[in-house]
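Reviewing the structure listed below.
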Amino acid sequence: MNFQHPPGPDYQRPLGFMQNRAIRKEIRSLDPVKDCQRIVYLMVGYEFTREVTSALDIVYLGSGGNNYMADILGRSHYLTDGMKRYDDSRFLIFKFLESGWDQKDGADAIRHINMLHSKYKIDNEQFVQALCVFLVAPVEWIDNFGWRKLTSIEKDAWYHFWINVGKLMEIRELPTSIEHAAKILKTYYRNIKAPSKYAKALGDSTLAVYVEKSPWYFKPFATTYYRSFYTDFLREAYQVEDLPAAVKYSVYSGIKLNSIVRRFLSPSPFPYVINRQSLTTYGKGLPKVQDAGPSHIINQMKEQP
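Right under this line is the structure:
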């Protein structure tokens, strides 16, 4: 399946399994503001596919920590159809991460997300909080578990990319930096007095999705793996006990060991974009952008003349 990406050369893995230094060379030659779409595509499609995917998985895992989001999801079918929510979210987000807003695929994905959001009453603070999560989580994950560190150009490009997405979504009072976004998140969670009444059900539903989507050999460990990333607040919201420190240390060490190996041996295909991945909900092929999202909204849109 063809896909659109910001203009520039395509790359292959040397010998089929090595990291390609030419990608980093191109990134160093680019402007983090003017070329942020191209840089983010190279980060997501080539350099940090696994890291960005893992970080966004943890973002999804923590959606019950946002009371407003938990209340919306708790009143919807997504508690019983969490896999579709996961697949739709991943599909649409990666569409615009890979294509940017200058390419039709990415622009369509952003417009479609705006349409879906318009069906709910969401205030600006919630949009800012969500944007800050997407700004901060992948950067922190790569800093902690990436096969290499982010460069200043990559961090700046990541920031400017998401700020432009925020503007296209008409979000106001945008963070002025990644560090500012992190402070906004700390303040936001500190001010939450009690978790949503739907938080536990949402946490259980989300964790079940992660177990279901895991390969067979990982399923016995999936629950422990993902619970290792629960914050104190999420453990309270989801009503689960903390894991032993030794268990969490083993999980983190395993991820770091994998990252070390991937410096020298990384056989995943280039570029590893969403159109080349499989989603459980869409076993017969990926959806069109306009068909991704809550079924009741999509069906209503199709019924309109």
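Here my numbering is used: the first residue of the sequence shown is 6, the next is one more, and so on.
Ideal Cβ positions, reconstructed from N, Cα and C, are used throughout, including at glycine.
Keep in mind that this is a model prediction, so the values were computed, not measured.
1) Leaving out the 5 sequence neighbours to the left and right, which residues in its chain are closer than 6 Å to Met-6 when beta-carbon positions are compared?
2) Am I right that Gly-70 and Phe-234 are in contact with their C-beta atoms under 8 Å? What's the rounded C-beta distance?
3) Please list, in chain order, all residues of the same chain as Lys-261 whose beta carbon is under 7 Å from its beta carbon, the five residues on each side excluded.
4) Give the secondary structure of Val-170 by DSSP, where H, G and I count as helix, E and B as strand, and everything else as coil.
5) Considering Cα atoms alone, identify which of Phe-22, Ala-204, Lys-100 is closest to Leu-291.
6) Work out the CA separation of Ala-213 and Phe-226 for me, nearest whole Å.
7) Taking the alpha carbon of Lys-198 as the point to measure from, which residue in Ala-186, Ala-242, Phe-132 has its own alpha carbon closest?
8) Count the other C-beta atoms from every protein chain shown that fall within 10 angstroms of the C-beta of Leu-20, then say buried if there are 16 or more, exposed otherwise.
9) Find out if the Cβ-Cβ distance for the pair Val-38, Met-48 is shorter than 8 Å.
10) On the CB-based measure, 16 or more other CB atoms within 10 Å of its CB, does Lys-89 come out buried or exposed?
11) Measuring straight from C-alpha to C-alpha, what distance separates Tyr-277 and Met-174?
12) DSSP three-state call for Lys-124: helix, strand or coil?
13) Alpha carbons only, please: which of Leu-179, Gly-171, Glu-246, Tyr-193 is nearest the one belonging to Lys-205?
14) Whose C-beta lies closer than 7 Å to the C-beta of Ala-27 among residues of the same chain, with five residues either side of it excluded?
15) Please classify His-301: is it buried, with 16 or more other beta-carbons within 10 angstroms of its beta-carbon, or exposed?
16) Grab me the residues of Ile-176's own chain with a C-beta within less than 7 Å of its C-beta, minus the 5 sequence neighbours each way, in chain order.
17) Just checking, does the segment 188-203 make contact with the segment 151-165 on the three C-beta pairs under 8 Å criterion?
18) According to the neighbour-count rule (16 or more other Cβ atoms, all chains shown, within 10 Å of its Cβ), is Asn-72 buried or exposed?
19) How should Pro-14 be labelled, buried or exposed, when 16 other C-beta atoms within 10 angstroms of its C-beta is the threshold for buried?
20) Spatial neighbours of Pro-200 within its chain, please: C-beta separation below 6 Å, excluding the five flanking residues on both sides.
21) For Thr-85, collect the residues of the same chain with a Cβ closer than 8 Å to its Cβ; drop the 5 residues on either side in sequence, then sort them by chain order.
22) Relative to the C-alpha of Val-45, which candidate in Tyr-125, Met-120, Pro-143 has its C-alpha closest?
23) What are the boundary residues of the alpha helix (DSSP H) that Thr-156 is part of?
24) Among the residues of its own chain, which have a CB less than 7 Å from the CB of Phe-166, if the five just before and after it don't count?
25) Nearest to Val-244 by alpha carbon, out of Ala-251, Thr-236, Ala-250?
With the given structure in hand:
1) Taking the sequence shown and counting its residues from 1, one reaches residue 6 at position 1. Per-residue confidence for Met-6 stands at a pLDDT of 47, beneath the threshold of 50, marking its modelled position as unreliable; no derived number is given.
2) Position 65 of the sequence shown, counting from 1, holds the residue named residue 70. Position 229 of the sequence shown, counting from 1, holds the residue named residue 234. About 12 Å separates the beta carbon of Gly-70 from that of Phe-234, a gap too long to meet the 8 Å contact definition.
3) Indexing the sequence shown from 1 puts residue 261 at position 256. Cβ within range, chain order: Phe-150.
4) Start at 1 with the first residue of the sequence shown, and residue 170 comes out as number 165. Residue state, collapsed to three classes: helix.
5) Locating residue 291 in the sequence shown gives position 286, counting from the first residue. When each option's Cα is compared against that of Leu-291, the closest is Lys-100.
6) Your numbering for residue 226 matches position 221 in the sequence shown. Your numbering for residue 213 matches position 208 in the sequence shown. Roughly 13 Å separates the two Cα atoms.
7) Taking the first residue of the sequence shown as position 1, residue 198 is located at position 193. Ranking Ala-186, Ala-242, Phe-132 by Cα distance to Lys-198 puts Ala-242 first.
8) Working through the sequence shown from its first residue, we reach residue 20 at position 15. Burial check for Leu-20: the Cβ neighbour count within 10 Å stays below 16, so the residue is exposed.
9) The residue you call residue 38 lines up with position 33 of the sequence shown. The residue you call residue 48 lines up with position 43 of the sequence shown. With contacts defined as CB atoms closer than 8 Å, Val-38 and Met-48 fail to qualify as a contacting pair.
10) Along the sequence shown, read from residue 1 onward, the residue named residue 89 stands at position 84. Burial check for Lys-89: the Cβ neighbour count within 10 Å reaches 16 or more, so the residue is buried.
11) The residue labelled residue 277 in the question sits at position 272 within the sequence shown. The residue labelled residue 174 in the question sits at position 169 within the sequence shown. The straight-line gap from Cα to Cα measures roughly 26 Å.
12) Here residue 124 refers to the residue found at position 119 when the sequence shown is read from its first residue. Assignment of Lys-124 by DSSP, reduced to helix, strand and coil, places it in the coil class.
13) Locating residue 205 in the sequence shown gives position 200, counting from the first residue. Per the Cα distances, Glu-246.
14) The residue given as residue 27 occupies position 22 in the sequence shown. Closer than 7 Å at the Cβ level, and outside the excluded window around Ala-27, lie Tyr-16.
15) Residue numbering aside, residue 301 sits at position 296 when the sequence shown is read from its first letter. Answer is exposed; the Cβ neighbour count stays below 16.
16) On the sequence shown, residue 176 is found 171 positions in, with the first residue counted as 1. For Ile-176, same chain residues with a beta-carbon under 7 Å away, outside a window of 5 residues either side, are Asn-129, Phe-132, Val-133, Leu-136 in chain order.
17) Verdict: no, contact absent.
18) Here residue 72 refers to the residue found at position 67 of the sequence shown. Asn-72 comes out buried.
19) Taking the first residue of the sequence shown as position 1, residue 14 is located at position 9. Pro-14 is exposed by the Cβ-count criterion.
20) As a first step, residue 200 is located in the sequence shown; it is residue number 195 there, counting from the start. Result list for Pro-200: Ala-242, in chain order.
21) For the purposes of this step, residue 85 is taken as residue 80 along the sequence shown, with counting starting at 1. The answer, listed in chain order, is Ser-210.
22) In the sequence shown, counting from the first residue as 1, residue 45 sits at position 40. In terms of Cα proximity to Val-45, the closest of Tyr-125, Met-120, Pro-143 is Pro-143.
23) The residue labelled residue 156 in the question sits at position 151 within the sequence shown. Careful: Thr-156 lies outside any alpha helix (DSSP H) and carries neither H nor E.
24) Reading the sequence shown from its first residue, position 161 is the one you call residue 166. Same-chain partners within the cutoff: Cys-41, Gln-42, Val-45.
25) To locate residue 244, count along the sequence shown from 1; it is residue 239. Before going further, note that residue 244 is Gln rather than Val in the sequence given. Taking only the C-alpha atoms, the option nearest Gln-244 is Thr-236.
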